[in-house]
Every structure is written in structure tokens, then in C-alpha cells.
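**Q** Per the numbering used here, numbering through the sequence shown is continuous, rising by one, with the last residue being 764.
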Amino acid sequence: MNIWDQTHECMSRDELEQLQLERLQATINRVHKNVTHYRKKFAQPGIIPEDIRSLSDLTKLPFTTKEDLRINYPYGMFAVPLREVVRIHSSSGTTSKPIVVGYTKNDLRIWSNLVARFMTAAGVTSDDLVQIAFSYGLFTGAFGIHYGAEVIGASVIPMGTGNTEKQIMIMQDYKTTVLVSTPSYALELAGRISQAGIDPQTLSLRFGLFGGEPWSEKMRREIESRLHLSATDNYGLSEVIGPGIAGECQCKNGMHVYEDSFIPEIINPQTGEVLPAGAEGELVLTTLTKEAFPMIRYRTGDITSLDYSPCACGRTQVRMQRIVRRSDDMLIIRGINVYPSQIEEAIVSVAQGEAPYQIVVERKGAMDSLEIIIEVTSKIFSLELQKQRSFLEELKKRIGSVTGIGVSVKLVEANSLPKTENKTSRVVDKRQI
Ligand code: DLL
332 MNIWDQTHEC
342 MSRDELEQLQ
352 LERLQATINR
362 VHKNVTHYRK
372 KFAQPGIIPE
382 DIRSLSDLTK
392 LPFTTKEDLR
402 INYPYGMFAV
412 PLREVVRIHS
422 SSGTTSKPIV
432 VGYTKNDLRI
442 WSNLVARFMT
452 AAGVTSDDLV
462 QIAFSYGLFT
472 GAFGIHYGAE
482 VIGASVIPMG
492 TGNTEKQIMI
502 MQDYKTTVLV
512 STPSYALELA
522 GRISQAGIDP
532 QTLSLRFGLF
542 GGEPWSEKMR
552 REIESRLHLS
562 ATDNYGLSEV
572 IGPGIAGECQ
582 CKNGMHVYED
592 SFIPEIINPQ
602 TGEVLPAGAE
612 GELVLTTLTK
622 EAFPMIRYRT
632 GDITSLDYSP
642 CACGRTQVRM
652 QRIVRRSDDM
662 LIIRGINVYP
672 SQIEEAIVSV
682 AQGEAPYQIV
692 VERKGAMDSL
702 EIIIEVTSKI
712 FSLELQKQRS
722 FLEELKKRIG
732 SVTGIGVSVK
742 LVEANSLPKT
752 ENKTSRVVDK
762 RQI
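1. Alpha carbon to alpha carbon, what distance is there between residue 654 and residue 547?
2. State whether the region 417-424 contacts the region 601-609, with contact taken as three or more CB pairs (one from each stretch) at a distance under 8 angstroms.
3. DSSP puts residue 593 in a beta bridge; with which residues?
4. So, at 8 angstroms on beta carbons, what are the nonlocal neighbours of residue 776 in its own chain, with the 5 sequence-adjacent residues on each side left out?
5. On the three-pair Cβ rule with 8 angstroms, is the region 467-479 touching the region 445-454?
6. In three-state terms, what does DSSP make of residue 515?
7. Taking the beta carbon of residue 754 as the centre, do at least 16 other beta carbons fall within 10 Å, making it buried, or is it exposed?
8. Quick check on DSSP: helix, strand or coil for residue 754?
9. Which residue wins for smallest C-alpha separation from residue 520, given the options 660, 742 and 696?
10. List in chain order: all unbroken alpha helix (DSSP H) runs of 4+ residues lying wholly within the region 477-551.
11. Return the residue from the list 591, 502, 626 and 599 that minimises the CA-CA distance to residue 431.
12. I'd like the ranges of any beta strand (DSSP E) spanning at least 3 consecutive residues and lying wholly in the region 384-459.
13. Can you grab the Cα-Cα spacing for the pair residue 484 / residue 459, in whole Å?
14. Could you tell me which residues DSSP pairs with residue 561 in its beta bridges?
15. Start and end of the beta strand (DSSP E) containing residue 632?
16. Grab me the residues of residue 334's own chain with a C-beta within less than 8 angstroms of its C-beta, minus the 5 sequence neighbours each way, in chain order.
17. For the region 578-589 and the region 688-706, state whether three or more C-beta atom pairs, one from each stretch, are separated by less than 8 angstroms.
18. Given a threshold of 16 other Cβ atoms within 10 Å of its Cβ, counted over all protein chains shown, does residue 645 qualify as buried or as exposed?
19. Considering only DSSP beta bridges, list what residue 700 is partnered with.
20. Three Cβ pairs or more, each shorter than 8 angstroms: is that satisfied between the region 584-591 and the region 433-443?
21. Roughly how many angstroms separate the alpha carbons of residue 616 and residue 750, rounded to a whole number?
22. DSSP three-state call for residue 348: helix, strand or coil?
23. Kindly indicate which three-state DSSP category residue 638 falls into: helix, strand or coil?
24. Quick one, which of 515, 648, 387 and 513 has its alpha-carbon nearest residue 605's?
25. In whole angstroms, what is the alpha-carbon distance linking residue 467 and residue 489?
26. Tell me whether residue 369 sits in a helix, a strand or coil according to DSSP, three-state version.
27. Using the rule of at least 16 other Cβ atoms within 10 Å of the residue's Cβ for burial, across every protein chain shown, is residue 594 buried or exposed?
28. Report all residues from its chain with a CB closer than 6 angstroms to the CB of residue 669; omit the five preceding and five following residues, and keep chain order.
29. Is residue 742 helix, strand or coil when you go by DSSP?
30. Using a Cβ-Cβ cut-off of 8 angstroms (strictly less than) and excluding sequence neighbours within five positions of residue 748, which residues of its own chain qualify?
31. Is it right to say residue 377 is buried, meaning 16 or more other beta carbons lie within 10 angstroms of its own, or is it exposed?
32. Would you say the beta carbon of residue 403 is closer than 6 angstroms to some non-hydrogen atom of the ligand DLL?
33. Helix, strand or coil for residue 679? Go by DSSP, reduced to three states.
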């Protein structure tokens, strides 16, 4: 099946904007009718759906934030009754409660086609064997890409994460041609392949489709040379759909945003002001085709810029540059989003009160590690070893279960961490990507 959807991907800007406006109006009508949260939010500036007459009217609408999703947990932002929802995924929230997202049958069809598009743009065809090394579960990465690859007609190997030796064995024996993972896991695989004395040229890899976390051109060069494949970047977030919002073509010069399904805006994260084309700022996305969980002007927290210049591949849809950083304190560790506030909440509950902490993130080899250093009262610090150990274990367990990541925890004496008023400086990110 040919998934280069030229009708949509190569549209003139005029045609595209006409389509966007029709879809935007339908989406605004839908959320105004079905989602109390949006109805109330639109009422503040006194907006009714009929006020959205042109695309520029979008800026009259308020932003949607992660806090809105938290307040409406779990199903308050759904625009269809639950009986029409056929899939639920989730992602980290700022507290121990995650963000919940839902899809109708039609949403799944649209999502799979979007994923199929960026996979096609990256070079994948029905002849490929696609090994998906993302976690199958609440994370949108694995299922999203799985169904997209099936739309193309490629053979999917639903490998899941971890078990690196088995990943390599399968890669060799099944003759995997496409690796789908986080870029850091691709480097981990490259390291283990070379440790095992395997010549990567004897593998069948052609393409690597990487996303879910920030990476760099330097990492791209390293992955391409060590795994002998062509590596492309793809972007998405659960709140908006998952993977399939944007992806690189083989020109590797920014990720085409599928503008027939999403309107991207770039704003100044401090003031909310919409910035002109080309400026760097926070990406804000509005969905145009989603039924169960439409998002209006969702603040992604991702800092990037948009490039409207023509691309040699022929696609007319705008390209977003690599994500340079976040506008908030969210960390991405092995593809999993972690908020310091989640960790703080876990600490407060186990320590039964405030305890100053520091989060240290490091990249050891290719993989990220997370260490939490906690100041404890001299009472806890001087507990007998056994009690101190069970306190540490409980903390590790709680933080691990809230964040979904294995962490190491170290206790230090009260007043031994550097003092600061600002919580974000409690994070020491030593990674250089
Ligand atoms: O990570 C969806 C996804 C899965 C995209 C697999 C691509 C591949 P979340 O878990 O909700 O969803 O995390 C979304 O991850 O806001 C970015 O900060 C970051 N992110 C995703 N893709 C990229 C990328 C998935 N290509 C959050 N480059 C987003 C940099 C990325 N950061």
C-alpha cells in the first residue's frame, strides 16, 4: 500500500488552510458541545464556535495545559461517551496520577495512517521487517508504530523493551531491516553488538526510526555509522495522539508536521505571545481530526521552531526542528517522562514530611540513570542499618512505581545538600547528548 499521501502531504498552502479551517471549525463545535471544560474555558473570553471564522481566530482561544488534564482526570476531557472509546493510553502527569487519553475506532485508523506516513517518508516499505523496541503498554510508542507499520504492510516484530541479547539475536536471525526505538537505546544496542564481536555489516538493518526523547546530530552520525543504517527522527506526544505528529523524510532536515491533522503554533513560553515563522519557542498543537480526545492549543512544553521553506522531497508540510529543550522541568529518561514533582510527592509520602532532595541524571554508556539524593533528619540518618535500609527500599519502590523507572536512592545528612529556593535547580542533569 502506498502511504505517501500526496493529496495531503503535497497540498498547496491555500488548499491546506481551507481544509484546516473546515476541520478546526468542526473540532471546536465538537468540544464546545461535548466537553464541559472547553465550554467553560471558551466562555471566559466570551467565545462561541461561530467566532472561529478564519485560522487566525484560533489565537482567541485559551491554551490547554497539563494542569487542565490533571483537573479533569481521568475522563473529563473526552469528547465522546466511553462506549465509543476502543483504546486507552496514558502518560506521566506532574503528580502520581497519570494523564489518560482515549481513541475511537476512527481515531485509531487516522493515527495508524499518520504513523504509516512518517515511516514511508523515512523509507520503510511492505518489504521491511520492523523490530519495535518500545514498551508495549500504556505508552503510545509501541502500539502507535505497530499499527502504522501494519498499514504499510511491513512485517512487525513486536519485541518490546530490554532483553538486549535477545533483541540482537532476533535482529540477526529474523533479519530485521528497520529498528524502532529511542535513540539512546539504539546506541546501547550498538555497544552490545560490538561487545559481542558482531560485525554490524552482517546485519540486515536499513533504517532506524528514532523518537520519544531528545537527541542530536552527533548521535545521529554515531548511530548511523555504528549500526549501518539511515536514522530519522520522529515526534509525538500522548496528549495529542502519540507518535505520528511529525517525522523526517530522507532529506533529514526537520520533521514534517502533518498539518492536515494538527495546527502547530510557536509561542513565547513566558508570555504566551504567538511568535512569527522561524522563531524558536514552545510548540502548541491543535488537533483537527480527533474524535475521542481533541486538544485545543495544547502547550507541549517542547521548544523548537518551524521552517516553511520548500523541502526537496516534495512534501509541502512545515518542518519542525529538533526539540532543543523543554519549557518546564520535565525530564525524559530512557524515553519515559519524569516530573520532579512526582518524585517529591513520593518522598513526602514515604518520609512523612518535606525532605530536601536532589535528582541527578547521568548518561552511563548509552543509557540514562537516575539517582535521588535525599536529606533526612538526623533521626532517620542515625537509625539502625536495617531500618535505614527498609526506608531506602520503600522510597525506591514508591519512586519506581510512580515514575516507571528504576532509580537508586542515597540518604545524606540534613543540611548537606546545596540550599536553594528554586525547585528546578534540584535537578542536576549531567547528560550531554
Ligand atoms: O514519547 C510519543 C512517541 C513515542 C514519539 C515514540 C515518538 C516515538 P510521551 O511519552 O507522551 O509520548 O512523551 C512525549 O517526549 O513532549 C517530547 O518532550 C518528547 N519527545 C517525543 N519525541 C521526541 C523527539 C511519546 N523526536 C514527549 N525528540 C514530548 C525530542 C521527543 N523529544
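Just so you know, even glycine gets a beta-carbon here, dropped at the ideal spot from N, CA and C.
**A** Walking through what the data contain:
1. Using only the alpha carbons, I get a separation of about 9 angstroms.
2. No, they do not touch.
3. When beta bridges are read from the DSSP output, residue 593 appears opposite 618.
4. Past the boundaries of the shown model lies residue 776; the chain is included only from 332 to 764, so the question cannot be answered.
5. Enough Cβ pairs lie closer than 8 angstroms, so yes.
6. DSSP, read as helix, strand or coil, puts residue 515 in helix.
7. Annotation note: pLDDT 49 at residue 754 (below 50); position unreliable, no value reported.
8. Below a pLDDT of 50, predicted positions are generally treated as unreliable, and residue 754, at 49, falls in that range; the measurement from the model is reported next regardless. Residue state, collapsed to three classes: helix.
9. It is 696 whose Cα lies nearest to the Cα of residue 520.
10. Counting only runs of 4 or more residues that sit fully inside the region 477-551, the alpha helix (DSSP H) segments are 495-504 and 514-526, in chain order.
11. Comparing Cα-Cα distances from residue 431 to each of 591, 502, 626 and 599, the minimum goes to 626.
12. Within the region 384-459, the complete beta strand (DSSP E) runs of at least 3 residues fall at 418-422 and 430-434.
13. The straight-line gap from Cα to Cα measures roughly 8 angstroms.
14. Its beta-bridge partners are 538.
15. For residue 632, the uninterrupted beta strand (DSSP E) run begins and ends at 629-635, by DSSP.
16. The residues are 444, 447, 448, 450, 451, 482 and 483.
17. In the pairwise beta carbon analysis, the region 578-589 is classified as not touching the region 688-706: fewer than three pairs are separated by under 8 angstroms.
18. When all chains shown are included, residue 645 counts as exposed.
19. For residue 700, the beta-bridge partners assigned by DSSP are 693.
20. Using a C-beta cut-off of 8 angstroms, the region 584-591 makes no contact with the region 433-443, since fewer than three inter-stretch Cβ pairs fall below that distance.
21. One C-alpha to the other measures close to 37 angstroms.
22. Three-state DSSP puts residue 348 in a helix.
23. In this structure, residue 638 counts as strand in the three-state DSSP scheme.
24. The candidate whose alpha carbon is nearest that of residue 605 is 387.
25. Taking the straight line from one Cα to the other gives about 8 angstroms.
26. Helix.
27. So residue 594 ends up on the buried side.
28. Apart from sequence neighbours up to five positions away, the residues of its chain that approach residue 669 with a beta-carbon distance below 6 angstroms are 662 and 734, ordered along the chain.
29. Residue 742 falls in the strand class under three-state DSSP.
30. For residue 748, the CB contacts under 8 angstroms within the same chain, skipping 5 residues up- and downstream, are 687, 688, 689, 704 and 706 in chain order.
31. Residue 377 is exposed by the Cβ-count criterion.
32. It does not: the Cβ of residue 403 is nowhere closer than 6 angstroms to a heavy atom of the ligand DLL.
33. Of the three classes helix, strand and coil, the one that applies to residue 679 here is helix, per DSSP.
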